[in-house]
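Visitor: In the numbering used here, the protein residues as written are 810 to 1094.
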Ligand code: GUN
């Protein structure tokens, strides 16, 4: 029977650790870590993610501030809000929930975020620091996945890891981190994407497979080596039901471990963000 890599269980454990660190800060008369989020528009998935993040903050003793802007907000107004957060010393870190509406220049927005407060780790300075192995905010989803692997004691050193999907949010940073000389890195990594030929042949080599493609139940048993560890990053809503990128039933008797959807990586992403906010409160450098 495959081990279920429960994000729920791992998140409870990591959130307890964070709670203890917050209490220690308060006992030392330091302020509670304070996370802010900018949400533009009313996209249901984005609203749900942001509400989840606000709930998490409450649970671990962080302060949180939500700035909700209309979906016809002008680029300049959004930048003004970002500048306000940059200069507000009571806010340790913040995120701008993506995707942003058409007409907003996302690149310019990410560049306007103070890298010291960029708890998503999306600013080029922080992406560069991650690539160089310097202390920084790791993008929350890959960070959460590393914590999930750590929680279940899954060895990555020397393993063949295959990442499917090269997004800036998940696939690309995941490949960098898994190949880095860090704990829960040191894997031999292959990054695959929409132009990869013979994907099944490549993924059949994977001791660890990370699926981040955004195609419901795309990965079935034909893609999997016996005994592989499978991390499913997909959150695809099909007729109101959540599906991962992996066809769980097709692979469950072949894999040695698999993260479920829901109850897997999504909850760990939120832990990654909390960890980054704690780091922001202590100071990134
Ligand atoms: N949209 C999907 N994932 C993320 C994330 O990790 N951060 C932000 N800001 N937006 C997202």
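Cβ coordinates follow ideal geometry from the N, Cα and C atoms, glycine included. Keep in mind it's a predicted model, so treat the numbers as computed, not measured.
1) For residue 925, which residues of its own chain have a beta-carbon under 7 Å away from its beta-carbon, when the five flanking residues on both sides are left out?
2) How about the segment 1027-1039 and the segment 1049-1064: do they share at least three Cβ pairs that are nearer than 8 Å?
3) Helix or strand or just coil, what does DSSP make of residue 1045?
4) Any idea what DSSP makes of residue 995, helix, strand or coil?
5) For the putative contact between residue 843 and residue 901, defined by C-beta atoms under 8 Å, what is the C-beta separation to the nearest angstrom?
6) To which residues of the same chain is residue 866 closer than 6 Å at the C-beta, ignoring the five residues directly before and after it?
7) Measure the C-alpha to C-alpha separation of residue 994 and residue 965 and round it to an integer number of angstroms.
8) With three or more beta-carbon pairs closer than 8 Å as the criterion, would you say the segment 913-923 touches the segment 940-951?
9) Would you mind sorting residue 883 into buried or exposed? The rule is 16 or more other CB atoms within 10 Å of its CB.
10) What residue range is occupied by the uninterrupted beta strand (DSSP E) comprising residue 903?
11) Would you call the CB atoms of residue 847 and residue 876 closer than 8 Å?
12) Which residues does DSSP pair with residue 872 in a beta bridge?
13) Any heavy atom of the ligand PLP inside 7 Å of the beta-carbon of residue 820?
14) Apart from the five residues on each side of it in sequence, which residues of its chain come closer than 8 Å, Cβ to Cβ, to residue 906?
15) Comparing alpha-carbon positions, which option in 988, 982, 956, 959 lies nearest residue 970?
16) So, are the CB atoms of residue 980 and residue 1021 less than 8 Å apart?
17) Give me the pocket residues for the ligand GUN, defined as CB within less than 5 Å of any heavy atom, sorted by chain position.
18) Output the boundary residues of the beta strand (DSSP E) element that contains residue 972.
19) Pick out whichever of 885, 832, 815, 986 has its Cα sitting closest to the Cα of residue 939.
Guide: Let me lay it out:
1) Taking the chain shown and counting its residues from 1, one reaches residue 925 at position 116. Within the same chain, residue 925 has close Cβ partners 1093.
2) Judged by Cβ distances under 8 Å, the segment 1027-1039 makes contact with the segment 1049-1064, as three or more pairs qualify.
3) Numbered from its first residue, the chain shown carries residue 1045 at position 236. Note: residue 1045 maps to strand in three-state DSSP.
4) One-based indexing of the chain shown puts residue 995 at position 186. Reduced to three states, the DSSP call for residue 995 is coil.
5) Stepping through the chain shown from its first residue, residue 843 is reached at position 34. Stepping through the chain shown from its first residue, residue 901 is reached at position 92. Distance from residue 843 to residue 901 at the Cβ level is roughly 5 Å; contact confirmed, criterion being Cβ atoms closer than 8 Å.
6) The residue labelled residue 866 in the question sits at position 57 within the chain shown. Excluding positions up to five away in sequence, the list reads 844, 873.
7) The residue given as residue 994 occupies position 185 in the chain shown. The residue given as residue 965 occupies position 156 in the chain shown. So the two alpha carbons sit approximately 6 Å from each other.
8) The segment 940-951 and the segment 913-923 do not touch, with fewer than three beta-carbon pairs separated by less than 8 Å.
9) By one-based count along the chain shown, residue 883 stands at place 74. With fewer than 16 other Cβ atoms within 10 Å, it is exposed.
10) Numbered from 1 along the chain shown, position 94 holds the residue referred to as residue 903. 902-905 is the extent of the beta strand (DSSP E) around residue 903.
11) Counting from 1 along the chain shown, the entry for residue 847 is found at position 38. Counting from 1 along the chain shown, the entry for residue 876 is found at position 67. For residue 847 and residue 876, yes; Cβs fall inside 8 Å.
12) Taking the first residue of the chain shown as position 1, residue 872 is located at position 63. Residue 872 is bridged to 843.
13) Ligands present in the displayed structure are limited to the ligand GUN, and the ligand PLP is not among them.
14) Residue 906 sits at position 97 when you count from the first residue of the chain shown. If we look at residue 906 and ignore the five residues flanking it on each side, its Cβ neighbours are 846, 847, 848, 849, 855, 858, 859.
15) For the purposes of this step, residue 970 is taken as residue 161 along the chain shown, with counting starting at 1. 988 is the residue among 988, 982, 956, 959 whose C-alpha sits nearest the C-alpha of residue 970.
16) One-based indexing of the chain shown puts residue 980 at position 171. One-based indexing of the chain shown puts residue 1021 at position 212. With respect to residue 1021, residue 980 sits close: the two C-beta atoms are nearer than 8 Å.
17) Working through the chain, the matches are 904, 906, 907, 929, 949.
18) Position 163 of the chain shown, counted from the first residue, corresponds to residue 972. Its beta strand (DSSP E) spans residues 969-973.
19) Counting from 1 along the chain shown, the entry for residue 939 is found at position 130. Out of 885, 832, 815, 986, 986 has the C-alpha closest to the C-alpha of residue 939.
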